[in-house]
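Taking it in order: structure first as structure tokens, then the write-up.
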Amino acid sequence: MWVPVVPAMNFLVAYGKGSLKISEDCAAVVEKLYIYSYAIRALVKKEPDRVRVVGPLEGTWSVEDLRTFRREDKNSWE
């Protein structure tokens, strides 16, 4: 029997609501995520056995009520 093993991981997370294209805060939040990510990477750079890669930006979206979900209405996404 195979049992998947997922190592413990830490993430920087930002929460928001609405379309990324019209959000005034989105660009500032993404910029801060990368600033913090590279600062943390610099701190662990002295430890040779630690992974020193800043991963790609990823997003997960949801809606309050799936019955009202419309792909084109990104302002209702969370």
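Here our numbering is used: the sequence shown runs in plain steps of one and ends on residue 79. Every residue gets a Cβ at the ideal spot worked out from N, C-alpha and C, and that includes glycine.
| Check | Outcome |
| --- | --- |
| Which class does residue 48 belong to by DSSP, given the choice of helix, strand or coil? | coil |
| Please report the straight-line C-alpha distance between residue 32 and residue 18, rounded to a whole angstrom. | 17 Å |
| Pairing CB atoms from the segment 2 to 19 with CB atoms from the segment 27 to 45, are three or more of them under 8 Å? | yes |
| Is the beta carbon of residue 53 closer than 7 Å to that of residue 42? | yes |
| What would DSSP say about residue 11, mapped onto helix, strand or coil? | coil |
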